[in-house]
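These notes concern the structure reproduced below.
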Amino acid sequence: MLETARQQFDVFAKLGNAQTNAPLRAQLKAKLARETPTPEALAMQLNLARRSGDLAATRSAIVELARLNGETGDFSEKAIVPFGLENPTGQKLAPLIVIDDFLQPDQMNALHRHACDTEDEFRKANTNSQSPAYDPDKRETLVNWHFTEMRDHFEEFIEQNLAEFQCILGLPAFVKERMELKMTCHIDGGFFRVHADNHEPITEAGRAITWLYYFGEQTPRYTGGELFLLDTELATGVRSTVWFTKVEPKPNRLVAFPSWFYHAVGPTQVECGEFGAGRFAISSHIRKPADGLGWSTEW
Ligand SMILES: [Fe+2]
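What follows is the structure, given as structure tokens:
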């Protein structure tokens, strides 16, 4: 890993440290209980919660903020971060869907067994689809494009839920062109530095929704491997260096966000060094065709 990437991950780890943020969050909570909440105080509460990876508190703060602004705050249960929110420095928060307990426990176990049984089919991932080269400075990920277990299940789920995902993420109802679908594993030292999955204008053909389903041992033996979703200004590609939403890669959790937002996967530690103890995911991109749907630039 390049020193620049290591330094960036150190900053994410410090800013997102739940223990360090706890006293400040407690102070803010006491202040909000004492005084009439202001949008600024609620926004700070929200930003500290999401940076710490506290998704429940993130959602509550967003609902509270919406109500203070005279809105209903009646967001889908799956919308941890709805679209259209802006941080204090003017970048948009990446809209985020999170679904916990996505599969039955025995289904997740079967998927994990399948991953372990096919260990020799995993390869080191290329940096991206345009750059067919392995680059250990940008990413350390093992990938298996040919997994079979539960593949139909995931494809059907997306088929049935695409309209809802589009709605929550603030995307128009595009027709799915195709879906990239692979199994990934981050073993000890795995990471993926800051990048976006789509750099094209939103009207062009390309990746539109990135989704991941985390799985592995019921009680993980890995640490790290968090998803950092960086606040991004879509028109310029400028991303915040300090404001982000952290998502713990909890087994049996599905997450989705629009592919244009910058993100990173923090370094994973797997002390025992066993492949089966790694941080596994089904990793996917839903692609859209070029179209004239009048894409919103609200986010
Ligand atoms: Fe990505």
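Letter by letter, the sequence shown follows residues 103 to 401 in this note's numbering.
Where a beta carbon is used, it is the ideal one built from N, C-alpha and C, also for glycine.
1) Helix, strand or coil for H214, going by three-state DSSP, please let me know.
2) Out of I388, V340, T347 and T106, point me to the one whose CA is closest to L331's CA.
3) In three-state terms, what does DSSP make of G308?
4) Thinking C-beta only, is R225 closer than 8 Å to L244?
5) Is C287 helix, strand or coil by DSSP?
6) Report the option in F114, Y324, P303 and E350 whose CA atom is closest to the CA atom of F363.
7) What is the DSSP secondary structure of G368, counted as helix, strand or coil?
8) Looking only at its own chain, which residues have a Cβ that is under 6 Å from the Cβ of A181, when we skip the five neighbours before and after it?
9) Within this structure, are the beta carbons of A383 and Y324 separated by less than 8 Å?
10) Ends of the alpha helix (DSSP H) at N123?
11) Shortest alpha-carbon distance to L395 belongs to which of H387, S342 and A275?
12) Quick check: what's the CA-CA separation for A151 versus A159?
13) Could you name the residues that DSSP lists as bridge partners for G326?
14) Is any heavy atom in ligand 1 found nearer than 7 Å to the beta carbon of H365?
15) Would you give the residue range spanned by the alpha helix (DSSP H) that P141 belongs to?
16) What would DSSP say about K116, mapped onto helix, strand or coil?
17) At the level of alpha carbons, what is the spacing between E77 and G368?
18) Going by DSSP, name the residue or residues bridged to H297.
19) Return the residue from the list G378, A217 and N211 that minimises the CA-CA distance to H248.
20) Can you grab the Cα-Cα spacing for the pair K176 / N354, in whole Å?
21) Indicate, with yes or no, if ligand 1 has a heavy atom lying under 7 Å from the CB of T243.
22) Anyone know if the C-beta pair for N246 and E282 falls short of 8 Å?
23) Alpha carbon to alpha carbon, how far is E142 from F111?
The relevant details are as follows:
1) helix
2) T347
3) strand
4) yes
5) strand
6) P303
7) coil
8) I270
9) no
10) A120 to R136
11) A275
12) 6 Å
13) T370
14) yes
15) P141 to R153
16) helix
17) Any property of residue 77 remains undetermined from this structure, which presents the chain solely from 103 to 401.
18) H365
19) A217
20) Reading the sequence as shown, one finds Asp at residue 176 and not Lys. If you take the alpha carbons of D176 and N354, they lie about 26 Å apart.
21) no
22) no
23) 27 Å
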